[in-house]
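Mapping of the sequence shown onto UniProt numbering: residues 1 to 1116, in sequence order.
Think of the CB as a built atom: it goes at the ideal place given N, C-alpha and C, for glycine as much as any other residue.
Read through the structure below, which is laid out as structure tokens, and then see the notes.
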Amino acid sequence: MSKSDGKRQSNTLLNYFQSPKADKMGSPAKPPAKQTPSKVSKLNGKPKKEIVNESSDSEEDIKSTKKRSRIMVMDSSDSEEDGHTQQGKKLKKVERDEELSTPKKQHNGITKIKRNDDEEQSTPKKETLFKKFKSSSSSVNASDSSVEVLTDVPEKPATSQPIITDPNSNWTHNTLPFLKPEKIMDAFKRKPSDPDYDPRTLFVPDNFLKDQTPAMRQWWEIKSKHMDCVLFFKVGKFYELYHMDAVTGVIELGFSYMKGEFAHSGFPESAYGKMASTLIEKGYKVARVEQTETPEMMQVRTKNVKGQKVVRREICQISSKSAMVCTAQMPEPLNDNRNSLYAICMQQGSKGNIRLGICFIETTVGTITMSEFDDDNHFSRLLVLFAEYPPTLILMERNSVSPALLEILSTQFKDVQKETLSPNTQFLTASETLNKISMACYFYNKDGSFQWPDFFKRIADDCLPKTAYELCLRSLGACLWYLKDCLLDVQVFSMKKFEWYDPLNCLSKEKVDEVKEHMVLDAATLKNLNLLGTEGSLMKILDHCATPFGRRLLQRWICRPLCHIGKIKERQNAVQYLADNGALFQSTMAILQKMPDLERELAKIHLFGNKFHATEHPDSRAVLYESATYSKRKITDLVRMLKALEDAQEIAEVYKDCDDNFLKKLTQFAPVGVNVDLKDVLRYFKNSFDQQKAEAEGKIIPKRGVLEEFDEIEEKIEEINSRLQDYLEEQSKFFGCNVKYFGTDKKRYQLEVPEHKSNRATSDYQLEGARKGNNAVKRYTTKTTKTLLADMMNAESEKAKLILDLNRRIFEKLFEHHEKFDQVIQCLTILDAICSLAEYGRTFSQDMCMPEILPFNDEPKFEAENGRYPCVPNIESFVPNDTKFGVDNVPNIMIITGPNMGGKSTLMRQVATISIMAQMGSFVPASSCSMSLIDRVFTRLGAQDDLIQGQSTFFVELSEAASILKHATRHSLVIIDELGRGTSTHDGNAIATAYVNKLTTFGCRTIFSTHYHSLVDNFIGRNDIQLAHMACMVENEDDPTEESVVFLYKVAEGRCPKSYGFNAAKLAGLDRSIIAKARQYAAALEQEAKNRKAIGEIYHVKDMKSIRQILSRLAL
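Listed below in structure tokens is the structure:
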């Protein structure tokens, strides 16, 4: 280990390993052995000191400083002695718990490790630390009570040299041939150029493994099967990172390298949650490798095995953003967002039709959602699904996905992780999926019988898949394989939370009389209107939710506004009622704000109570040094869940006098409402054990009457105690004095008799000990005391075993009521989302109204007075506008012109956003609003080139425009911003004109913005199109370099006189001389256009007078 150089250490985790400061730095020692007392290097511009992990599997001479002893923690299973002793070296034992567990002081928020200050230390000979990763039973294992301290006699001062911290430096793993890019292969010796190459695995040569020490061989064997993971490799009380993983730890977590030839870093077990969460948020997969046996267990297992021995280690969990469950070690994700694991199975028909089978899982709440549907060549339905439930990881069958889908995933979802699975073995067939599920432990009842969840009746007949659902079953199989590989399958599948996703009908026109539940918002609309973004989005504006689960529901409401007039009005009334009743609203929020994430809490309760996980999962075998802390966290989660459910019951009392039917139904218990009365359930758990005591001790001791088995053992112990007391009274009478019991544990129940009365003891009394002095006594045992002691110890052993499983059984018992809890959470979720909409109405600073929603009818209409776009930062300074469609003889189609930056796009977004908010049941930012239902919103906004996909601006424009014509109905809302810009002016103008003509046949509400004034001229005087422009004031119009345009941001009737593009050029900082020259060209082109138009008119007139008038306008 290195010595401190006297500077403050900036890296917090270094404090777990850092050595005390040396008295002074020395000069180099003579060969052969040297010592390096201090190592300082630079990493990311900051000095880093070299550190050594004290729970290493290697042995080494320990460097020392004066007056402070060096302590090295060695795993007895993974290290061995040198076989020789250096001059002056002494061995000393210290307590492991003192070395690794006792806090000394805090530095940068991390507890320092206590060192032994009683020993003299000086500088020993040099020998490379962690040069070898050896194994032996001679050192002390993680479970031993002591470690060896090597105190060295100094010879000569050592010299200092920098350690290597560059990830591209000459670390051992950078020199291994089988890791070279040109030689790397997967476990089946396939190179990356092979289409079946599996990047998750690595081929490691046998001859290389043979040369490794047992522990390092163990690491390479695990790593070779999980090359896509960062291994947190448990050694004693520490998680160690080796080779390329160590580099990741240094770069991403700020660790410092330990000295040695191979990269090595680490951290203590207590920091696992923080370190794992940090890497996961950065996109890494983390594999937690635990020791799953003690050294004693290893000795028994390897009793007849020759050679070096190593404790067994197993992967206990692989965690990533998309595959993670909340545990006592890693309690909560760093955010509330859904992180969905997707599997997609695609089938393309001979006629080009596409069918998709989808499965996506939210592992933190345990929901498994499946769907199977037909899609178009643009994958419209899939993109809508991705917008509603954003993917974090997408699993696909290798070589089975079309190039078109791959192109979409690699461009539009380039930041989403993707993995390909091998056909049939990893991406399972439908039949194999059902077979594996039926043979697993997921759906077994307490009596041992297997029962499919009711959900599976839809997609299968027992283990036979239904033909219409084979693709989604294959996707389920892929997710099953992936979660099983991560050791998370039991935790997720055994919750039995299966759901079916019905895609919105965005592929065909729906009939007017067809029942529509939701407005269709495709992926382009969700993106173009910025409905779900983090900044300046509708979600950001409307989100006043008090709970994470309420926030997740609100997002789904935005994605799927209602089309059912009754449900809209029901939600509107509830929102209005809460907005008008401030006291009721505040009482509701006071309760909701106390709620944890109940969906994730319920998933944790299930995990902690799962018997298979507690008995068969590798985690059940893990040797954990922080187990007491984890037990307390589990109890805290339990108590928090019970307290939250108890608080939730207050909702019924708060709303008992509520006049709104929907809110009453949501909050009251049956038969009035759908809320669930949990009074009896909560009373049972409240009376079952002392919650405060359980939290403090980290274990649950049930009260009498809760658990029959526990009561029987308690009664047995009481009966033994009664026999002990009776026997003691009998002995007191026999000896004629006060006889007491003496001793503890296995030496209990010795009869303590005053010495002066001991002469009455017969041969039946066996003398065990005595005490001399004034109160001299003799202590005896008899056959009876020995029998009573044996009975008591047996009973206590039974009690201890029962308590070990009691915590799990309490969690299991609580989860038995999960259906009731789910219903309560559902009610709270909806209530929170309604409160969020009410709070938006209560706090919006400008005009606000509850819109009037009319059913689908023959004449679509929309009218908003003083409407505002809600997603602007300074809403107070926003200029409101009135918009009308289909009322007061105003046509349904608006062609709008105006200067650049004049507000055209904002007005278009305003109308669309108000429409969506209205059908969500929300207040809208307008003084009044009335509209008939909209079945779908189409948007074509901006010039978004998809050149990465090989698609130009013009191609994308026409594709989106064609989709609108294909799917729009008279009840749709169409927003098109400047169609035809991606080609020549004449072609663009012609296409845009024809397109508007086609839209007039639909009669749907449309806003079409353009800078083609000739296009506008084609529609002047028509009664089926309204012309409008964004008004502005112009100063110095005659001087192009001094022209100034003041935007009024108000909609005015008629066409805009000009586009004022030169003003935009001026604002952009274009040189004035260029603007002046451009103005001259523009004037010439404008006059040329007038000339062409005039000449064209000559052919349509017959009298000379008209011809002369036309010729007079020509500028020749």
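**Message:** For GLU432 and SER371, what's the separation of their Cα atoms in angstroms?
**Reply:** 19 Å
**Asked** Got a sec, what are the start and stop residues for the beta strand (DSSP E) ALA1052 sits in?
**Response** 1044-1053
**Request:** Classify residue 1118 as buried or exposed, calling it buried when 16 or more other Cβ atoms lie within 10 Å of its own Cβ.
**Result:** One cannot answer for residue 1118 here, as it falls past the ends of the chain, which runs 1 to 1116.
**Request:** State the start and end residues of the unbroken alpha helix (DSSP H) segment that holds ASN435.
**Result:** 430-439
**Message:** From the DSSP secondary-structure annotation, give me the bridge partner or partners of SER763.
**Reply:** SER763 pairs with nothing; no bridge assigned.
**Request:** Drop a sphere of 10 angstroms on the beta-carbon of GLY1021, count the other beta-carbons inside from all chains shown, and report buried for 16 or more, exposed for fewer.
**Result:** exposed
**Prompt:** According to DSSP, what are the bridge partners of MET346?
**Reply:** LEU356
**Asked** Between LYS611, ARG621, LEU638, which lies nearest to LEU604 when the distance is taken from Cα to Cα?
**Response** First, the residue type needs correcting, since residue 604 is Lys and not Leu in the sequence shown. Selected option, being the one with the closest Cα: LEU638.
**Prompt:** Mind pulling the alpha helix (DSSP H) runs of 4 or more residues that sit fully within the stretch 800-857?
**Reply:** 818-843
**Prompt:** Do you know offhand how far ARG760's Cα is from GLU730's?
**Reply:** 14 Å
**Asked** In chain order, which beta strand (DSSP E) runs of at least 3 residues are fully inside the stretch 880-934?
**Response** 881-885, 893-897, 928-932
**Request:** Classify CYS559 as helix, strand or coil using the three-state DSSP reduction.
**Result:** helix
**Where residue 1148 falls, given that 16 or more other Cβ within 10 Å makes a residue buried** = This structure does not reach residue 1148, given that the chain is present from 1 up to 1116, and the question cannot be answered.
**Asked** Going by beta carbon distance, what residues of the same chain come within less than 8 Å of ILE875, once the five residues before and after it are set aside?
**Response** PHE844, SER845, GLN846, ARG868, PRO925
**Request:** Within its chain, find whatever has a CB closer than 6 Å to the CB of ASP1103; leave out the 5 residues flanking it on each side and keep chain order.
**Result:** none
**Item:** Selection from CYS545, LYS998, SER927 that minimises the alpha carbon distance to PHE585
**Value:** CYS545
**Item:** Alpha-carbon spacing of LYS42 relative to ILE251, whole angstroms
**Value:** Note that LYS42 scores a pLDDT of 36, beneath 50, so its modelled location is shaky; the value from the coordinates is reported in the next line. If I take the Cα positions, the gap works out to 12 Å.
**Prompt:** Are the CB atoms of ALA215 and VAL310 nearer to each other than 8 Å?
**Reply:** yes
**Prompt:** Considering MET297, what are the terminal residues of the alpha helix (DSSP H) in which it resides?
**Reply:** 295-301
**Message:** So, with DSSP's three-state summary, where would you put HIS986?
**Reply:** helix
**Request:** Give the single residue among PHE208, THR781, LYS237, ASP764 whose Cα lies nearest to the Cα of LYS747.
**Result:** THR781
**Request:** Output yes or no for whether 8 Å exceeds the beta carbon distance between SER265 and TYR257.
**Result:** yes
**Prompt:** According to the Cβ coordinates, are THR1006 and ASN892 closer than 8 Å?
**Reply:** yes
**Prompt:** Whose C-beta lies closer than 8 Å to the C-beta of LEU828 among residues of the same chain, with five residues either side of it excluded?
**Reply:** THR547, PHE549, GLY550, LEU592, MET595, LEU598, ALA648, ILE651
**Asked** Starting from TYR630 and walking both ways along the alpha helix (DSSP H), at which residues does that stretch end?
**Response** 627-648
**Unbroken alpha helix (DSSP H) run spanning GLU695, endpoints** = 691-697
**Prompt:** Buried or exposed: GLY236, going by 16 or more other Cβ atoms within 10 Å of its Cβ?
**Reply:** buried
**Message:** So for PHE549, helix, strand or coil by DSSP?
**Reply:** helix
**Prompt:** Per DSSP, what kind of secondary structure is GLN675 in: helix, strand or coil?
**Reply:** Here residue 675 is Asn; the residue named in the question, Gln, does not match the sequence. Reduced to three states, the DSSP call for ASN675 is strand.
**Prompt:** Does DSSP classify ARG313 as helix, strand or coil?
**Reply:** strand
**Request:** Look at the alpha carbon of ILE975 and the alpha carbon of LEU907, and state the distance between them as a whole number of angstroms.
**Result:** 10 Å
**Item:** Nearest residue (CA-CA) to LEU854, options PRO870, VAL887, ASP832, GLU812
**Value:** VAL887
**Item:** Validate contact between the stretch 319-338 and the stretch 385-402 using beta carbons, cut 8 Å, 3 pairs
**Value:** yes
**Item:** Spatial distance of PHE443 from ARG809 (CA atoms)
**Value:** 18 Å
**Request:** Please classify ARG200: does DSSP put it in a helix, a strand, or coil?
**Result:** coil
**Item:** Supposed contact pair ALA276 and MET330 - C-beta distance, whole angstroms, cut 8 Å
**Value:** 6 Å
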